[in-house]
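Please read the structure below before turning to the comments.
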Amino acid sequence: MNNDLAELTKLNLDYVASVQNSDVKRFDEILAADFYCSNPDKSLVDRAAFLQQTAKPVAIKNLRAEDVKIRVLGDFAIIHAATSYTTADGQEAHGRYTDCWAKQNGKWLAVSAHVSR
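Everything in the sequence shown is counted per this note's numbering, starting at 504 for the first residue and increasing by one.
What follows is the structure, encoded as structure tokens:
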């Protein structure tokens, strides 16, 4: 279980960095084929739409995950975290996310994300 927790901790940091850097290539590697994301605007997007939206540069800066809680339930894991970031107009802001991961063929892949701001 410790190896899973360490791997998920690293994947979570990687996921946050990939959002900040609009890293479509990295998301293509870590998203499950049936991935879905509910966005802060309440839209639900599938994997293809998420990759398209990720390709657009983000207006926020200094995105950080805080108070990260990782629950490993066998081959399924849930990550809850708070976020802090700087908006395009320089204001400090906060949000939350919950990501679900599933181990598929020995590899952890993100199967869903829920983001609120």
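Note that CB positions come from ideal geometry on N, CA and C, so glycine has one too.
Exercise. Within 10 angstroms of its Cβ, does Ala580 collect 16 or more other Cβ (buried), or is it exposed?
Worked result: Along the sequence shown, one-based indexing puts residue 580 at 77. Per the 10 Å Cβ criterion, buried.
Problem set entry | Those residues which DSSP pairs with Arg574 across a bridge | Walking along the sequence shown from the start, residue 574 turns up at place 71. Note: Arg574 is bridge-paired with Ile581 in the DSSP secondary-structure output.
Problem set entry | Option nearest Arg529 by Cα separation, candidates Asp517, Ala596 and Asp507 | Locating residue 529 in the sequence shown gives position 26, where the first residue counts as 1. With respect to the C-alpha of Arg529, the residue from Asp517, Ala596 and Asp507 having the closest C-alpha is Asp517.
Problem set entry | Cβ-based neighbour list, Gly598, same chain, cut-off 6 Å, excluding 5 preceding and 5 following | For the purposes of this step, residue 598 is taken as residue 95 along the sequence shown, with counting starting at 1. Around Gly598: Thr586, Ser619 and Arg620.
For this session: Let me know the secondary structure DSSP gives Asn565 once reduced to three states.
Result: Sequence index remark: in the sequence shown, residue 565 carries index 62 (1-based). Strand.
Exercise. Nearest CA to the CA of Val522: which residue from Gln594, Asn608, Leu508 and Lys564?
Worked result: By one-based count along the sequence shown, residue 522 stands at place 19. A check of alpha carbon separations from Val522 across Gln594, Asn608, Leu508 and Lys564 identifies Lys564 as the nearest.
Exercise. Gly598 bridges to which residues according to DSSP?
Worked result: Looking up residue 598 in the sequence shown gives position 95. Beta-bridge pairing links Gly598 to Thr586.
Exercise. Of the choices Lys545, Leu612 and Arg567, whose alpha-carbon is the least far from that of Ala596?
Worked result: For the purposes of this step, residue 596 is identified with residue 93 of the sequence shown, where counting begins at 1. Of the candidates Lys545, Leu612 and Arg567, the residue whose Cα lies closest to the Cα of Ala596 is Arg567.
Exercise. What does a CB cutoff of less than 7 Å around Asp578 pick up in its chain, not counting 5 residues either side in sequence?
Worked result: Within the sequence shown, numbered from 1, the residue matching residue 578 stands at position 75. Taken in chain order, the residues that qualify are Ala605 and Lys606.
Exercise. Cβ atoms of Leu554 and Asp531: under 8 Å apart, would you say?
Worked result: Translated into positions along the sequence shown, residue 531 becomes position 28. Translated into positions along the sequence shown, residue 554 becomes position 51. Yes, the pair counts as a contact, with Cβ atoms nearer than the cut-off.
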